[in-house]
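To start, the structure itself, in C-alpha cells.
In the working numbering, the protein residues as written are 3 to 172.
Shown next as C-alpha cells:
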C-alpha cells in the first residue's frame, strides 16, 4: 500500500503531527461479491493472486477511535488490515470448509466472467463494473496484516469467517 507515498510527502514536510488510516478492503463487500460470482459451486475469480487483509468496517471504526483519542499514538500513514491475507482462491477454500458445500475457485479471464454473469441474469453494465473491481483487487497487493486494530482498541479484528458464515450456499 505504499504507492501513494507522494500524497503523504507534503504532510510529512509540514512539521505537524498527522495520521492517515489506510483501510484495507472491507469484508462486508465479500458477501455481495461471492453471491454474485458463485455459479453452481464454482466461485468465478479473475486472474491474479493478490492477497488482501480483509477488514470489517466496525474494526476500521475501532482503529479510527483509537487514533482520534490518542490511544493509537502513531503518526504518518497507518495500514488498517484484518488478521490474515487471503486471495480470492483462499476465500473459496475457506467458504467451502465453513459451508459443508464444495466450493471451487475457477480462475477465468475477465471477459469470460462477464459473459457468465450476464448468462446468470446480471445486467451487462453491472457485470462489467463488478468484474473490473474484483480484477483490480485480485491484482492489487496491499499491506501485510497489521495489529493496528488491536493496539487501538484492545480487540483483535474479526476474521473473514464471520462474514463467510452468513452466506447461504445452495
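Just so you know, even glycine gets a beta-carbon here, dropped at the ideal spot from N, CA and C.
Small disclaimer: the values here were computed from a predicted structure and weren't measured.
Check	Outcome
Coil, strand or helix - residue 71 by DSSP	helix
One or two residues paired with residue 88 in a DSSP bridge	54
Distance, residue 120 Cα to residue 28 Cα	25 Å
Reference residue 166, options 105, 134, 151, 150, closest by Cα	105
At least 3 beta-carbon pairs within less than 8 Å: the region 54-63 vs the region 121-128	no
Cβ distance (whole Å) where residue 37 is taken to contact residue 169 below 8 Å	7 Å
Straight-line gap, residue 70 to residue 154 (C-alpha atoms, nearest Å)	10 Å
Alpha-carbon spacing of residue 142 relative to residue 82, whole angstroms	16 Å
Ordered list of alpha helix (DSSP H) runs contained in the region 118-150, each at least 4 residues	126-141
Distance CB(residue 41)-CB(residue 93) smaller than 8 Å	no
For residue 24, the three-state DSSP class (helix, strand or coil)	strand
Residue 106 - containing beta strand (DSSP E), residue span	106-110
Residue 169 - containing beta strand (DSSP E), residue span	Taken as a continuous stretch (DSSP letters only), residue 169 belongs to no beta strand (DSSP E), as it is neither H nor E.
Collapsed DSSP secondary structure at residue 3 in the structure displayed	At residue 3, the pLDDT of 46 sits below 50, so the modelled position is not reliable; the number obtained from the coordinates is stated separately. Coil at residue 3, not helix or strand.
Residues bridged to residue 78 [DSSP beta-bridge criterion]	21
Residue nearest to residue 145 in terms of C-alpha spacing, selected from 138, 87, 103	87
DSSP three-state assignment for residue 157, whether helix, strand or coil	coil
C-alpha distance - residue 58 paired with residue 48, whole-angstrom precision	23 Å
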